[in-house]
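Asker: Below you'll find the structure I mean.
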Ligand SMILES: Cc1cc2nc3c(=O)[nH]c(=O)nc-3n(C[C@H](O)[C@H](O)[C@H](O)COP(=O)(O)OP(=O)(O)OC[C@H]3O[C@@H](n4cnc5c(N)ncnc54)[C@H](O)[C@@H]3O)c2cc1C
């Protein structure tokens, strides 16, 4: 029999954005159903890297502030989710090391220390360690390293599993294998049937851009491929490393993630190749402890990049009751919980103060 029903909120897409929105709405007592064409956490959000890092302090703006606030509140959110689910998201505020490779970098590091102190207050540090760090090869850090204590890490696939379970624990319903083909005010439909909802949150990642393009006739975004690897290596809660465009992220489960490529053109979004070997080679030169360890998994996914790079959140022009939660791009895990709160505000008509560059209109104008 075809499915039918009525909910306050229907969320389309169960990646980290859709799950966070669904959870925040359900926590406010709304009846929420989440639909995914495959399984929750089965696309970009099912990955292995999970770095959460602050923007540099210069040219501070509302976008950087949004991400900073999200980063500061991540511990509270993920510990609440893990307590509700009984699972572990792998969140940890492990901090970050960035090698300084020349005099210009040293000057910048020292000026950023000043900026960070002004913006972060005494809650988090941004320190220059002239002597370097045990995890980083001395020749990769000739001018020492910068260490911050604000950066964090999470294990993406585990975070999705924990958030899904927490959503169900607060009364949410999940429908996997339910592709949504049509959305119109108050109604979503697929081969499985039709259901009604007061508000629909479109969080279907890269594929969601096509739906916005169909409605507006404007290009909304695209997918940027990334490849990463997971190594068997227990570094405990050692800081993550960011060097030469590469993230090295120690996880709580005895693995270290190394990523990522950033590819605008590719033949297959799901395969890995020599570009990942190159990243691994460079990562091992920076962090010698990785040299002898086994690669456990190679992984690739498509990051949803909105046309003008920033997240794309809130009402979709011309589509009554439809809200977008898209454009997570490279920072989805760092901001998802704040995006969930913002979307729950939109859904319940609470006034929202959002950077202009995050609105749907900004991307499709
Ligand atoms: C290699 C790599 C490394 C990364 N590293 C980091 C990192 O270190 N830190 C960080 O914060 N981010 C990182 N990211 C980015 C992060 O993974 C993304 O920002 C995030 O996962 C996107 O989440 P999403 O919910 O928007 O999309 P997705 O996870 O893609 O979820 C969209 C969901 O919508 C569903 N869907 C699609 N169409 C429909 C439909 N018609 N009906 C129903 N359901 C539908 C899909 O099945 C999918 O489950 C990385 C990404 C990659 C690829």
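Numbering (our numbering), first residue to last: -9 to 355.
We put the beta carbon where it would ideally sit given N, CA and C, even for glycine.
From residue 67 to residue 303, what does the alpha carbon distance come to, in whole angstroms?
Answerer: The residue given as residue 67 occupies position 77 in the chain shown. The residue given as residue 303 occupies position 313 in the chain shown. Whole-angstrom Cα-Cα distance: 20 Å.
Asker: With a Cβ-Cβ cutoff of 9 Å, do residue 106 and residue 138 count as a contact?
Answerer: As a first step, residue 106 must be located in the chain shown, where it is residue number 116. As a first step, residue 138 must be located in the chain shown, where it is residue number 148. Cβ distance < 9 Å, so residue 106 and residue 138 count as in contact.
Asker: Is the separation between the beta-carbon of residue 296 and that of residue 10 shorter than 9 Å?
Answerer: On the chain shown, position 306 is the one that residue 296 refers to. On the chain shown, position 20 is the one that residue 10 refers to. No. Outside cutoff.
Asker: Have a look at residue 244 and residue 94 and give me their C-alpha separation to the nearest angstrom.
Answerer: Working through the chain shown from its first residue, we reach residue 244 at position 254. Working through the chain shown from its first residue, we reach residue 94 at position 104. Straight-line Cα distance between these residues: approximately 36 Å.
Asker: For the beta strand (DSSP E) holding residue 1, just list the boundary residues, first then last.
Answerer: To locate residue 1, count along the chain shown from 1; it is residue 11. Its beta strand (DSSP E) spans residues -4 to 2.
Asker: Should residue 328 be counted as a contact of ligand 1 given a C-beta to heavy atom distance under 8 Å?
Answerer: As a first step, residue 328 is located in the chain shown; it is residue number 338 there, counting from the start. No.
Asker: Are there any heavy atoms of ligand 1 lying less than 8 Å away from the beta-carbon of residue 141, as far as the coordinates show?
Answerer: Taking the chain shown and counting its residues from 1, the one referred to as residue 141 is at position 151. Checking every heavy atom of ligand 1 against the Cβ of residue 141, none is found closer than 8 Å.
Asker: Can we say the stretch 129 to 148 touches the stretch 167 to 179, given the rule of at least three CB pairs closer than 8 Å?
Answerer: With the cut-off at 8 Å, the stretch 129 to 148 and the stretch 167 to 179 do not touch.
Asker: State the beta-bridge partners of residue 288 as determined by DSSP.
Answerer: Translated into positions along the chain shown, residue 288 becomes position 298. According to DSSP, which records beta bridges pairwise, residue 288 is partnered with 219.
Asker: How big is the Cα-Cα spacing for residue 340 and residue 354?
Answerer: Position 350 of the chain shown, counting from 1, holds the residue named residue 340. Position 364 of the chain shown, counting from 1, holds the residue named residue 354. When rounded, the distance between both Cα atoms is 24 Å.
Asker: Are the stretch 6 to 24 and the stretch 326 to 337 touching by the rule of at least three beta carbon pairs closer than 8 Å?
Answerer: The stretch 6 to 24 is in contact with the stretch 326 to 337.
Asker: At 4 residues or longer, what runs of the alpha helix (DSSP H) sit wholly inside the stretch 222 to 300?
Answerer: Those alpha helix (DSSP H) runs which fall completely within the stretch 222 to 300 and span 4+ residues are 264 to 276.
Asker: Exposed or buried, which one is residue 33 when buried takes at least 16 other CB atoms within 10 Å?
Answerer: Here residue 33 is taken as the residue at index 43 of the chain shown, counted from 1. So residue 33 ends up on the buried side.
Asker: So within the stretch 5 to 84, which uninterrupted beta strand (DSSP E) runs reach at least 3 residues, ignoring any that extend past its ends?
Answerer: Correct list: 22 to 26.
Asker: Cβ-heavy atom distance between residue 298 and ligand 1 below 8 Å?
Answerer: Walking along the chain shown from the start, residue 298 turns up at place 308. Not under cutoff, so the answer is no.
Asker: Relative to the C-alpha of residue 0, which candidate in 39, 72 and 164 has its C-alpha closest?
Answerer: Numbered from 1 along the chain shown, position 10 holds the residue referred to as residue 0. It is 164 whose Cα lies nearest to the Cα of residue 0.
Asker: May I have the straight-line CA-CA distance separating residue 90 from residue 216, to the nearest angstrom?
Answerer: Within the chain shown, residue 90 is the residue found at index 100, counting from 1. Within the chain shown, residue 216 is the residue found at index 226, counting from 1. Whole-angstrom Cα-Cα distance: 25 Å.
Asker: Return the CA-CA distance between residue 98 and residue 184, expressed in angstroms with no decimal places.
Answerer: Taking the first residue of the chain shown as position 1, residue 98 is located at position 108. Taking the first residue of the chain shown as position 1, residue 184 is located at position 194. The straight-line gap from Cα to Cα measures roughly 56 Å.
Asker: Between residue 356 and ligand 1, is there a pair consisting of the residue's CB and a ligand heavy atom that are separated by less than 8 Å?
Answerer: Residue 356 is absent from the structure shown; the chain starts at -9 and stops at 355.
Asker: Who are the near neighbours of residue 349 in its chain, counting only those whose CB is closer than 6 Å to its CB and skipping five residues on each side?
Answerer: Residue mapping note: residue 349 aligns to position 359 of the chain shown, counting from 1. 304.
Asker: May I ask you to report which of helix, strand or coil DSSP gives residue 172?
Answerer: One-based indexing of the chain shown puts residue 172 at position 182. Residue state, collapsed to three classes: strand.
Asker: Within its chain, find whatever has a CB closer than 7 Å to the CB of residue 252; leave out the 5 residues flanking it on each side and keep chain order.
Answerer: Position 262 of the chain shown, counted from the first residue, corresponds to residue 252. Answer for residue 252: 214 and 216, listed in chain order.
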